[in-house]
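Chains as they are written, first to last, in the numbering used here: chain A, 3 to 284; chain B, 3 to 284; chain C, 3 to 284. Heads up, the beta-carbon is just placed ideally off N, CA and C, and yes, glycines get one too.
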Amino acid sequence: LGKSETGLEGAMKKPRPTITLTTDFGLKDPFVAIMKGVIWSIEPGARLVDLTHDIERHHVEEALYTLLYAHHYFPARTIHVVVVDPGVGPGRRPLLVESERYLFVAPDNGVLSFLFDGKSQATVRVIEAARYFRTPVSQTFHGRDIFAPVAARLAGGVKPEAMGPEIADYTRLNIPQLLISEEGIRGEVIHVDRFGNLITNIHKRHLESLKAKGRRIVAESKGARFEGLYSCYAENMTDDPGMIINSFDLLEIFCFKGSAQEKTGLKRGSRVQISPALHSMD
Amino acid sequence: LGKSETGLEGAMKKPRPTITLTTDFGLKDPFVAIMKGVIWSIEPGARLVDLTHDIERHHVEEALYTLLYAHHYFPARTIHVVVVDPGVGPGRRPLLVESERYLFVAPDNGVLSFLFDGKSQATVRVIEAARYFRTPVSQTFHGRDIFAPVAARLAGGVKPEAMGPEIADYTRLNIPQLLISEEGIRGEVIHVDRFGNLITNIHKRHLESLKAKGRRIVAESKGARFEGLYSCYAENMTDDPGMIINSFDLLEIFCFKGSAQEKTGLKRGSRVQISPALHSMD
Amino acid sequence: LGKSETGLEGAMKKPRPTITLTTDFGLKDPFVAIMKGVIWSIEPGARLVDLTHDIERHHVEEALYTLLYAHHYFPARTIHVVVVDPGVGPGRRPLLVESERYLFVAPDNGVLSFLFDGKSQATVRVIEAARYFRTPVSQTFHGRDIFAPVAARLAGGVKPEAMGPEIADYTRLNIPQLLISEEGIRGEVIHVDRFGNLITNIHKRHLESLKAKGRRIVAESKGARFEGLYSCYAENMTDDPGMIINSFDLLEIFCFKGSAQEKTGLKRGSRVQISPALHSMD
Chain A
3 LGKSETGLEG AMKKPRPTIT LTTDFGLKDP FVAIMKGVIW SIEPGARLVD
53 LTHDIERHHV EEALYTLLYA HHYFPARTIH VVVVDPGVGP GRRPLLVESE
103 RYLFVAPDNG VLSFLFDGKS QATVRVIEAA RYFRTPVSQT FHGRDIFAPV
153 AARLAGGVKP EAMGPEIADY TRLNIPQLLI SEEGIRGEVI HVDRFGNLIT
203 NIHKRHLESL KAKGRRIVAE SKGARFEGLY SCYAENMTDD PGMIINSFDL
253 LEIFCFKGSA QEKTGLKRGS RVQISPALHS MD
Chain B
3 LGKSETGLEG AMKKPRPTIT LTTDFGLKDP FVAIMKGVIW SIEPGARLVD
53 LTHDIERHHV EEALYTLLYA HHYFPARTIH VVVVDPGVGP GRRPLLVESE
103 RYLFVAPDNG VLSFLFDGKS QATVRVIEAA RYFRTPVSQT FHGRDIFAPV
153 AARLAGGVKP EAMGPEIADY TRLNIPQLLI SEEGIRGEVI HVDRFGNLIT
203 NIHKRHLESL KAKGRRIVAE SKGARFEGLY SCYAENMTDD PGMIINSFDL
253 LEIFCFKGSA QEKTGLKRGS RVQISPALHS MD
Chain C
3 LGKSETGLEG AMKKPRPTIT LTTDFGLKDP FVAIMKGVIW SIEPGARLVD
53 LTHDIERHHV EEALYTLLYA HHYFPARTIH VVVVDPGVGP GRRPLLVESE
103 RYLFVAPDNG VLSFLFDGKS QATVRVIEAA RYFRTPVSQT FHGRDIFAPV
153 AARLAGGVKP EAMGPEIADY TRLNIPQLLI SEEGIRGEVI HVDRFGNLIT
203 NIHKRHLESL KAKGRRIVAE SKGARFEGLY SCYAENMTDD PGMIINSFDL
253 LEIFCFKGSA QEKTGLKRGS RVQISPALHS MD
């Protein structure tokens with residue numbers, strides 16, 4: 003800021019920082035609200051968004067996928083806070099990860115592994131600056147005592163390097179990988195949304211590598227079989243589940259006005275095998 | 003704004019616009035948060051309120067009643083966004099409706115029909131200004147790609163007329179009408195709230211048209227029968243359901259500290275017949 | 003504020019007031035959103051936090067414990083609004099309670115009894131200033147018509163004394179007390195959180211009064227028996243429930259990656275008897 007600017011003008015120009023919260027705390031208990039109280043006590047200007055608090059309890063992988071597909075819709079420099087950790091306690095290090103556009107604060111349990119693929123050039127730090135923690139730090143609620151105040155300090159302008167040194171020995175989670183060949187793709191269901199849609203880890207670009215003509219693909223899973231890609235839900239008004247490339251560019255099995263999950267019995271983790279449709283389909 | 007005002011002063015005087023969100027997305031998936039991220043990426047000053055995200059999935063009529071009874075409690079120029087639409091896809095037009103005090107953004111599926119009664123003088127536009135959309139527009143998540151960015155632009159000052167032309171051929175939903183005569187009123191249960199209260203579409207003013215003395219009315223529904231109007235819940239501390247004019251001026255069947263729904267078996271859509279009570283009631 | 007300050011600078015310096023909301027309204031109905039609309043229509047600068055809206059319906063005591071353990075994490079002068087009241091109606095007085103750091107607005111049904119212990123020097127007022135209410139005041143939704151607008155006015159700078167006179171005859175709830183002797187403590191489960199952790203009303207300082215060596219205590223409840231205190235969840239990776247002092251300094255029975263509630267069958271209100279462990283434990 004230029005010297006001639008008053009503090010007032012500076013305050014107006016500084017955008018309010020955004021902090022998202024992702025936990026498995028639910029909303030029945032006041033845990034999430036307490037984190038917000040701690041953040042606003044430190045940084046009254048922060049804008050807060052609940053990404054979700056209904057991660058299945060202790061399900062680190064579900065939190066990972068939520069962040070992976072949602073984090074980039076937020077303004078640059080948004081601070082994403084993740085608190086899903088069955089192993090909370092003195093042995094768990096808190097991490098601060100800096101990607102090109104965002105900051106992430108989370109326990110070192112692999113929940114940010116999607117940032118550790120080597121491509122994204124993330125800087126990973128262990129948070130050691132205890133002067134920014136609430137004290138005493140409890141052994142059961144690091145969300146309140148470490149993650150919330152650290153996120154608030156970052157929102158207030160404290161630099162990532164003030165939080166702790168870079169490390170390389172952080173935990174990585176094995177994210178299920180696709181088996182891809184010209185003949186087919188084997189992926190799996192990674193999420194079932196509120197509508198019962200079955201979302202797979204098969205991306206649009208993977209399908210393009212298949213030797214299939216346009217939308218002529220077949221999916222098989224646990225004996226069920228689906229043919230062809232629809233371009234919108236309303237295009238398949240039958241009771242039979244269909245496939246679509248969803249708004250996250252992922253292959254999704256849906257059922258118009260119904261639940262594909264109930265219809266098929268498939269669930270998170272179910273394998274899905276994709277092949278080019280036979281020419282007889284014409 | 004006068005010429006002499008600086009941009010800074012202008013910014014201070016411009017109230018932060020409010021945007022409400024009503025969807026059937028639930029809060030388990032990050033869909034709602036993603037919409038908020040999109041809005042704040044465009045218009046960082048917007049104030050966001052979740053009207054509800056627990057509309058029964060695809061239940062356009064439930065969303066309609068929620069908006070009808072809740073929209074007018076918000077500041078003037080609030081932008082109400084509704085995304086409940088089983089038929090999302092390329093064939094569905096997005097609408098922008100302007101009433102005297104509010105703006106509404108919703109799919110053209112009738113969910114805003116309560117504004118189309120001729121009395122409210124609403125201006126209905128089809129949103130065609132694709133330059134305000136996220137691109138590419140997906141076929142499954144118009145909330146993120148059309149409704150959120152359009153609402154954010156409106157909050158930022160883009161004029162409704164920049165969004166698209168006025169139309170007259172928008173979809174209207176048939177809202178259940180009352181059958182009213184001097185002898186009685188036939189309405190129905192339109193909502194069951196969290197407490198199990200059965201809320202009908204019978205308004206206080208309809209009851210006043212009955213030839214009943216004060217509170218002497220009788221309701222009948224599926225064999226159940228309720229007599230007399232209480233003026234507050236605590237006035238009927240029995241286990242038997244009673245009737246009351248609720249805080250939205252609608253006739254409601256309640257059960258003190260219990261659930262009228264469980265007690266009576268009535269549900270959304272159940273018919274309710276109101277008659278003046280016989281004089282023998284005295 | 004000094005005379006020389008402009009209104010603009012004054013506005014910048016005044017921190018945005020925080021209002022928390024605690025109700026049993028749930029989030030399915032638009033009741034909570036309507037309260038927010040009312041607040042923002044009066045005081046656009048207020049920052050709103052949902053403490054929880056999933057208080058078991060009409061469960062005044064659950065709301066009391068939620069406030070007791072959560073209220074002090076918020077910025078000074080936060081206004082805590084509680085609307086849990088089976089007895090809403092003309093006979094129920096609205097209260098404004100002022101503690102050293104906070105304001106509380108709630109029905110006079112005992113929900114704020116934790117402030118009435120004589121130690122906290124709370125000032126209790128009955129809210130009578132009908133000029134600040136929405137009119138007409140309904141008999142079924144004081145949250146919208148009394149509590150929301152009063153909280154908004156307080157946030158906007160109206161002084162507590164303008165709301166009504168001090169009273170001394172407010173309702174007090176009997177909060178379950180501990181039976182404490184050197185030989186043991188009898189408390190009870192006051193909350194079961196989302197993880198199935200059983201939280202008791204036995205505070206760390208109570209345990210220190212026991213003639214027990216360090217962590218050598220035994221808890222008994224309904225035939226179940228737990229020995230020893232763990233210092234973090236991950237220290238007890240067995241299937242058997244263990245005890246811990248939680249982040250609110252309360253004795254908690256937990257089950258690592260499982261639900262202590264399901265495991266033990268204990269629930270809110272279950273008695274818990276604590277004794278020093280026998281020396282044979284060594």
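Simplified DSSP state of residue i, which is helix, strand or coil
i         : result
C:Pro-151 : helix
A:Glu-7   : Residue confidence for A:Glu-7 is low, a pLDDT of 38 falling below 50, so the modelled location carries little weight and cannot support an answer.
C:Pro-162 : helix
A:Ala-226 : strand
A:Gly-39  : helix
C:Leu-268 : coil
B:Arg-174 : coil
C:Arg-146 : helix
B:Thr-80  : coil
A:Glu-190 : strand
C:Thr-240 : coil
Residue closest to residue i, alpha-carbon to alpha-carbon, out of the options
i         : options                                    : result
A:Ile-81  : A:Gly-112, A:Glu-45, A:His-61              : A:Glu-45
B:His-208 : B:Phe-135, B:Glu-185, B:Phe-228            : B:Glu-185
C:Tyr-172 : C:Leu-253, C:Asp-119, C:Gly-230, C:Arg-133 : C:Asp-119
A:Leu-253 : A:Lys-224, A:Glu-190, A:Lys-259, A:Gly-225 : A:Glu-190
B:Asp-110 : B:Ala-78, B:Tyr-134, B:Val-62              : B:Val-62
A:Pro-88  : C:Lys-265, C:Ser-261, C:Asp-251, C:Phe-228 : C:Ser-261
A:Ala-124 : A:Tyr-104, A:Glu-130, A:Thr-142            : A:Tyr-104
A:Thr-24  : A:Gly-47, A:Arg-174, A:Leu-114, A:Ile-129  : A:Leu-114
A:Glu-229 : A:Ile-246, A:Ile-219, A:Phe-27             : A:Ile-219
C:Ile-21  : C:Gly-158, C:Gly-91, C:Ile-57              : C:Gly-158
C:Val-107 : C:Ile-148, C:Val-90, C:Thr-137             : C:Ile-148
For residue j and residue i, the rounded distance between their alpha carbons
i         : j         : result
A:Phe-33  : A:Arg-146 : 8 Å
A:Asn-248 : A:His-74  : 17 Å
A:Glu-102 : B:Val-85  : 32 Å
C:His-193 : C:Glu-64  : 8 Å
B:Lys-116 : B:Tyr-232 : The residue you asked about is not Lys; residue 116 of chain B is Phe in the sequence shown. Cα-Cα distance, rounded: 29 Å.
B:Arg-95  : B:Gly-112 : 11 Å
A:His-66  : A:Val-99  : The sequence as given places Leu at residue 66 of chain A; His does not occur at that position. Each residue's Cα considered, the two are about 14 Å apart.
C:Leu-29  : A:Ser-277 : 43 Å
A:Arg-270 : A:Gly-198 : 11 Å
C:Leu-212 : C:Ile-187 : 8 Å
C:Ala-72  : B:Arg-49  : 25 Å
C:Ala-35  : C:Gln-179 : 36 Å
A:Arg-133 : C:Asp-195 : 30 Å
A:Gly-166 : A:Val-128 : 5 Å
C:Leu-200 : B:Asn-203 : 43 Å
B:Thr-8   : C:Trp-42  : Interpretation of B:Thr-8 is limited by its pLDDT of 43, a score under 50 that renders its predicted location unreliable; no figure is taken from the coordinates.
C:Val-2   : C:Phe-256 : No information on residue 2 of chain C is available, as it lies outside the stretch 3 to 284 that chain C covers here.
Range of the contiguous beta strand (DSSP E) that encloses residue i
i         : result
A:His-205 : 200-205
C:Ser-223 : 219-223
B:Met-245 : 244-247
A:Gln-275 : 273-278
C:Leu-98  : 96-100
B:Ala-108 : 105-109
C:Glu-254 : 252-256
A:Val-128 : 125-128
Q) At a Cβ cut of 7 Å, what residues of the stretch 240-256 of chain A count as close to chain B, listed as they run along the chain? A) Ile-246, Asn-248, Ser-249
Q: Report the residues of the stretch 26-50 of chain B with a CB closer than 7 Å to any CB of chain A, ordered along the chain.
A: Phe-27, Gly-28, Leu-29, Lys-30, Asp-31, Pro-32, Ala-35, Ile-36, Lys-38, Gly-39, Val-40, Trp-42, Ser-43, Pro-46
Q | Contacting positions in the stretch 72-85 of chain B - beta carbon closer than 7 Å to chain C | A | Ala-72, Tyr-75, Phe-76, Pro-77
(Q) What are the residues in the stretch 218-237 of chain C lying within 8 Å of chain A by C-beta distance? (A) Ser-233, Cys-234, Tyr-235, Ala-236, Glu-237
Q: For the stretch 50-67 of chain A, enumerate the residues whose C-beta is nearer than 8 Å to any C-beta of chain B, in chain order.
A: Val-51, Asp-52, Leu-53, Thr-54, His-55, Asp-56
Q) Along the stretch 145-160 of chain B, what residues have a CB closer than 9 Å to any CB found in chain C? A) none
Q: Could you please tell me which residues of the stretch 87-108 of chain A, in chain order, have their CB closer than 7 Å to any CB of chain C?
A: Pro-88, Gly-89, Val-90, Gly-91, Pro-92, Gly-93
Q) According to a CB-to-CB cut-off of less than 7 Å, which residues of the stretch 191-208 of chain A neighbour chain B? A) Asp-195, Arg-196, Phe-197
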